[in-house]
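Undergrad: Attaching a single structure in structure tokens format; questions to follow.
There are 2 protein chains.
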Amino acid sequence: MNAYVTGLTARDSSFVTTANTDQPAVSRVEAYIRAQDFARPTLVIDTEAVARQFAALAQGLGRARIHYAVKANPAPEILRKLHSLGSNFDAASRVELQMCLDAGAAPEQLSFGNTIKRASDIAWAHEQGIDLFAVDAEEEIEKIAANAPGARVYLRIIVDATEAEWPLTRKFGSGRDKALALIAMAKDYGLNPVGLSFHVGSQTRRAAMWAPILDQVAAVWHAAKAEGHELTLLNIGGGFPAFYGREIDAPALYAAEVMRLVQERFGDVPEIMAEPGRGLVAEAGMIAAEVLLVSKKSDDDLHRWVYLDIGRFSGLAETEGEAIRYQFATARDHETTGACILAGPSCDSADVLYEKQPVQLPLGLRAGDKVMIRACGAYTSTYASVGFNGFPPLDVVAI
Amino acid sequence: MNAYVTGLTARDSSFVTTANTDQPAVSRVEAYIRAQDFARPTLVIDTEAVARQFAALAQGLGRARIHYAVKANPAPEILRKLHSLGSNFDAASRVELQMCLDAGAAPEQLSFGNTIKRASDIAWAHEQGIDLFAVDAEEEIEKIAANAPGARVYLRIIVDATEAEWPLTRKFGSGRDKALALIAMAKDYGLNPVGLSFHVGSQTRRAAMWAPILDQVAAVWHAAKAEGHELTLLNIGGGFPAFYGREIDAPALYAAEVMRLVQERFGDVPEIMAEPGRGLVAEAGMIAAEVLLVSKKSDDDLHRWVYLDIGRFSGLAETEGEAIRYQFATARDHETTGACILAGPSCDSADVLYEKQPVQLPLGLRAGDKVMIRACGAYTSTYASVGFNGFPPLDVVAI
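Residue numbers (full-length UniProt numbering), protein chains in the order written: chain A, 1 to 399; chain B, 1 to 399.
Following this line, the structure appears as structure tokens:
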């Protein structure tokens with residue numbers, strides 16, 4: 001058995017079913033990284049794995065339409081692959097909308113989902129024929145009415161704290177107490193308020209965690225309908241999880257259960273859209289990194305420090321607060337392991353990945369050793385800084 | 001009196017002496033930003049202000065050599081200006097070393113100050129004639145001995161928690177208990193261990209805060225000398241502050257007082273180097289940003305939310321944990337102000353700048369209004385992500 005496999009066998013069974021049912025134990029991405037040398041940290045993405053995950057989610061979501069959350073990873077190869085499979089897209093900015101159009105998407109397949117939009121970008125999107133916008137405040141309604149007259153809008157509402165691993169703040173959405181007034185205002189401004197959206201919280205590991213959130217949204221939904229607003233679109237947002245070490249539901253089952261919970265509360269909604277990002281691409285990508293230094297600060301220190309050539313400012317931003325816990329594999333995984341503090345290469349003391357909860361890595365690890373970081377397909381490449389400390393951004397290779 | 005001046009007059013007297021003694025109340029950068037329209041968030045840097053600050057620090061530092069910490073802002077215009085003034089440089093990576101060489105610096109003016117270096121980058125630096133390296137661990141000594149035989153190295157040591165505003169962790173440096181053994185090891189490996197370095201902590205506002213740190217370093221210094229190690233170089237690192245709203249010592253006085261504290265403890269050290277980064281360039285830069293949205297989540301909310309077109313992932317990374325508190329100016333500063341939560345434009349709920357301690361901004365602020373962010377010359381442009389959410393990196397203009 002290959003040394004690289006030990007990390008895989010430690011995974012729980014749900015992961016094995018999520019991405020690799022009919023695959024050999026070492027994925028295509030892992031085999032690729034093992035066979036290559038990399039001059040700098042590189043994200044390798046398997047577009048076939050993205051396609052398999054899309055199929056699994058689409059199966060579970062049934063009649064709900066998938067709008068891939070482009071911000072998770074806008075690599076053109078991913079956008080083209082998803083477009084070829086019939087995916088729609090959710091974009092956060094004009095640049096992302098343009099990338100979707102460049103990948104072949106039609107304007108009616110796009111949603112401008114950021115609630116914070118520049119007026120000139122709304123006007124540009126409207127000119128392109130994009131006709132679906134997120135909104136959560138009076139001023140945003142005014143901007144859309146002025147720059148995309150008559151457009152379809154959905155109102156994003158705030159839902160209360162969830163069990164997600166990267167929880168949302170109150171940054172996005174309107175309070176539920178204001179929802180009906182904003183829908184009425186959108187109508188007064190000549191817009192077409194077609195429905196509601198919300199976000200259950202990124203990396204919501206279990207479908208069952210959606211239930212209390214859906215209850216909150218359903219209350220607003222039914223109140224709006226009772227007041228005569230004809231809502232036809234429910235946008236259930238993202239939150240679909242990836243495997244980072246803690247058990248998650250398999251994607252088709254997860255999506256089907258979410259849809260069952262939706263059906264139970266909302267009945268036959270004409271249009272449902274879902275915006276998986278992380279849940280669609282994270283597991284399809286792996287980062288090839290390298291150890292730069294292993295050291296002990298004092299002879300009686302409990303833990304080593306292991307420094308990689310990638311850190312919080314060059315792709316691993318989601319380790320902030322140690323929120324997302326990546327899994328690591330090395331060529332020494334058959335050796336004895338020990339706890340270590342893991343840090344990035346920059347001269348910034350905040351560039352520490354895991355310290356409160358140290359990571360188990362082989363004791364023999366040395367400068368120059370290759371380290372593979374699993375499930376890095378989402379929220380890595382575009383988070384990388386342009387060149388903090390002179391380190392180049394994460395390279396991306398699609399296979 | 002101009003509306004923009006109100007922010008300035010609220011500053012304490014030490015700031016006024018730091019950058020603008022012989023300047024009009026509105027700085028060159030501020031005048032430039034007021035006169036222009038910007039299509040995207042833009043950092044405007046006044047290289048003349050950098051030069052004035054260099055002169056002030058150099059005056060205070062006396063015989064200590066300034067090595068500008070390039071990571072603070074590697075804009076070629078800044079590097080060329082500082083080179084023309086006789087500055088030396090401290091670089092964190094091969095790319096930064098190359099930028100210094102490109103700006104005209106000689107190899108002997110450069111220090112490779114990152115304690116975490118790729119072996120091939122050490123070899124490359126050695127080939128260029130760069131002969132001064134930071135080190136804090138056995139494996140790094142091995143790498144330098146193998147790739148830059150005979151090089152001068154200084155040992156970075158850990159100092160205990162300081163009163164700095166962006167405090168350092170134990171990420172960099174060796175424990176003081178290991179210092180003498182590492183110096184001896186460097187000698188055994190044929191290197192030339194010339195001295196010690198440390199970092200008092202970024203944004204250490206008062207020179208007096210250096211005293212207890214210098215005591216710790218001096219104890220190691222004198223112990224090493226007592227053991228027969230002939231140390232000739234003391235690198236006092238950075239920590240020189242910029243004005244972000246809390247009073248700081250004026251730069252020349254600050255630097256002179258630090259040097260007095262050093263002299264008191266170390267005597268006549270042959271070579272002293274200082275590595276100001278933030279303290280040299282922060283106040284010379286200002287970001288031109290724009291309001292994208294102002295909203296209230298609920299009618300009974302205490303605070304508004306104000307969303308800018310720049311956030312934590314597009315240049316304002318140092319607002320993490322609300323550590324660095326930037327000062328803002330708008331064209332409405334003569335109007336009544338109120339507290340608001342300030343956030344960035346991305347679809348990431350972590351992209352909130354100030355929430356625990358809200359910011360006072362004019363109540364009339366609206367989407368489209370220009371916002372100027374002061375003292376942004378350091379740790380902004382290179383921290384910006386390559387394109388998270390499709391937002392372009394911070395633009396940089398040097399005047």
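Positions of the beta carbon are idealized from the N, C-alpha and C atoms, including for glycine.
Short check: CB of Arg-118 (chain A) to CB of Asp-215 (chain B), under 8 Å?
TA: Not a contact, by the Cβ cut-off of 8 Å.
Undergrad: Alpha carbon to alpha carbon, how far is Ala-125 (chain B) from Ala-289 (chain A)?
TA: Rounded to whole angstroms, Ala-125 (chain B) to Ala-289 (chain A) spans 22 Å at the Cα level.
Undergrad: Based on the DSSP output, what are the partners of Arg-152 (chain A) in its beta bridges?
TA: Partner(s): A:Leu-132 and A:Asn-192.
Undergrad: Inspect the CB distances between the region 50–57 of chain A and the region 275–288 of chain A and report whether three or more fall short of 8 Å.
TA: The answer is yes - the region 275–288 of chain A touches the region 50–57 of chain A, with three or more Cβ pairs under 8 Å.
Undergrad: In terms of alpha-carbon separation, which member of B:Val-397, B:Phe-313 and B:Val-159 lies closest to Tyr-383 (chain A)?
TA: Minimum Cα distance to Tyr-383 (chain A) is reached at B:Phe-313.
Undergrad: From what residue to what residue does the alpha helix (DSSP H) around Gly-390 (chain B) run?
TA: Looking at the DSSP string, Gly-390 (chain B) is not in any alpha helix (DSSP H), and its letter there is neither H nor E.
Undergrad: Rounded to a whole number of angstroms, what is the C-alpha to C-alpha distance between Arg-94 (chain A) and Gly-344 (chain B)?
TA: Using only the alpha carbons, I get a separation of about 16 Å.
Undergrad: Need the endpoints of the beta strand (DSSP E) that Gln-360 (chain A) sits in, please.
TA: Here the beta strand (DSSP E) through Gln-360 (chain A) covers 352–362.
Undergrad: If we define contact as Cβ-Cβ less than 8 Å, is Ser-349 (chain B) a contact residue for chain A?
TA: True, the Cβ-Cβ gap to chain A drops below 8 Å.
Undergrad: What does Leu-293 (chain A) reach in chain B if we use C-beta pairs closer than 7 Å?
TA: Correct list: Ile-116, Ala-137, Glu-139 and Glu-140.
Undergrad: Going by C-alpha to C-alpha distance, which of B:Arg-374, B:Leu-82 and B:Asp-131 sits closest to Ile-287 (chain B)?
TA: Closest option to Ile-287 (chain B), Cα to Cα, is B:Arg-374.
Undergrad: Name the chain A residues that come within less than 7 Å of Glu-247 (chain B), Cβ to Cβ?
TA: Neighbours of Glu-247 (chain B) on chain A: none; closest Cβ ~24 Å, over 7 Å.
Undergrad: Within the 8 Å Cβ cut-off, does Ala-119 (chain A) reach chain B?
TA: So yes, Ala-119 (chain A) belongs to the interface.
Undergrad: Rounded C-beta distance between Ile-66 (chain B) and Ala-72 (chain B)? I'm assuming under 8 Å.
TA: Not really, about 13 Å apart at Cβ, beyond 8 Å.
Undergrad: Please state whether DSSP places Asp-37 (chain B) in a helix, a strand or coil.
TA: Three-state DSSP puts Asp-37 (chain B) in coil, outside helix and strand.
Undergrad: Apply the 10 Å Cβ neighbour rule to Thr-42 (chain A) and answer buried if 16 or more other Cβ atoms are within range, or exposed otherwise.
TA: Flag for Thr-42 (chain A) reads buried.
Undergrad: Residues of chain A with a CB under 7 Å from the CB of Thr-382 (chain B): which are they?
TA: Chain A residues near Thr-382 (chain B): Ser-385, Val-386, Gly-387 and Phe-388.
Undergrad: Could you spell out where the alpha helix (DSSP H) holding Phe-328 (chain A) opens and where it closes?
TA: No alpha helix (DSSP H) holds Phe-328 (chain A); the beta strand (DSSP E) holding it covers 328–330.
Undergrad: Can you name the residues of chain A whose CB is closer than 9 Å to the CB of Pro-345 (chain B)?
TA: Result: Ala-92, Ser-93, Asn-114, Ile-116, Lys-117 and Arg-118.
Undergrad: Can you name the start and end residues of the beta strand (DSSP E) that residue 401 (chain B) belongs to?
TA: With chain B represented from 1 up to 399, any question about residue 401 (chain B) goes unanswered, as that position is not in the structure.
Undergrad: Return the CA-CA distance between Arg-63 (chain A) and Ala-226 (chain A), expressed in angstroms with no decimal places.
TA: Roughly 25 Å separates the two Cα atoms.
Undergrad: In three-state DSSP terms, what is Ala-56 (chain B)?
TA: Correct three-state label for Ala-56 (chain B): helix.
Undergrad: Taking C-beta to C-beta, are Ile-45 (chain A) and Ala-329 (chain A) nearer than 8 Å?
TA: It is not a contact, given that the beta carbons lie outside the stated cut-off.
Undergrad: If you measure from the beta carbon of Pro-24 (chain B) to each beta carbon in chain A, is any gap under 8 Å?
TA: Interpretation of Pro-24 (chain B) is limited by its pLDDT of 49, a score under 50 that renders its predicted location unreliable; no figure is taken from the coordinates.
Undergrad: Where do the ends of the beta strand (DSSP E) carrying Val-44 (chain A) lie?
TA: Looking at the DSSP string, the run of the beta strand (DSSP E) that includes Val-44 (chain A) is 42–45.
Undergrad: Can you tell me which of A:Gly-237, A:Asp-37 and A:Gln-98 puts its alpha carbon nearest to the alpha carbon of Ile-158 (chain A)?
TA: It is A:Gly-237.
Undergrad: Would you verify that the beta carbon of Gly-228 (chain A) is, or is not, closer than 8 Å to some beta carbon of chain B?
TA: Not one chain B Cβ lies under 8 Å of Gly-228 (chain A).
Undergrad: Compare the C-alpha of Gly-239 (chain A) against each of A:Glu-247, A:Gly-228, A:Ala-255 and A:Leu-233 and name the closest.
TA: If we check each option's Cα against that of Gly-239 (chain A), A:Ala-255 comes out closest.
Undergrad: Taking the alpha carbon of Arg-304 (chain B) as the point to measure from, which residue in B:Glu-275, B:Glu-355 and B:Tyr-244 has its own alpha carbon closest?
TA: Closest option to Arg-304 (chain B), Cα to Cα, is B:Glu-355.
Undergrad: Please state whether the Cβ-Cβ distance between Val-294 (chain B) and Glu-139 (chain A) is less than 8 Å.
TA: Yes, the Cβ-Cβ distance between Val-294 (chain B) and Glu-139 (chain A) is below 8 Å.
Undergrad: Run down chain A in chain order and give the residues with a C-beta less than 9 Å from the C-beta of Asp-188 (chain B).
TA: Residues of chain A passing the Cβ test: none, with the nearest at roughly 17 Å.
Undergrad: To the nearest angstrom, how far is it from the Cα of Cys-100 (chain B) to the Cα of Ala-148 (chain B)?
TA: One C-alpha to the other measures close to 19 Å.
Undergrad: In this structure, what does DSSP give as the bridge partners for Arg-65 (chain A)?
TA: The partner list for Arg-65 (chain A) (beta bridge, DSSP) reads A:Met-273.
Undergrad: Does the beta carbon of Pro-393 (chain A) come closer than 8 Å to any beta carbon on chain B?
TA: Closer than 8 Å: yes.
Undergrad: Determine contact between the region 174–188 of chain B and the region 197–214 of chain B, defined as no fewer than three beta-carbon pairs at a distance below 8 Å.
TA: Counting Cβ pairs under 8 Å, fewer than three are found: no touch.
Undergrad: When the Cα of Leu-394 (chain A) is compared with those of A:Ala-224, A:Leu-316 and A:Pro-107, which residue comes out closest?
TA: Measuring from the Cα of Leu-394 (chain A), the nearest candidate turns out to be A:Leu-316.
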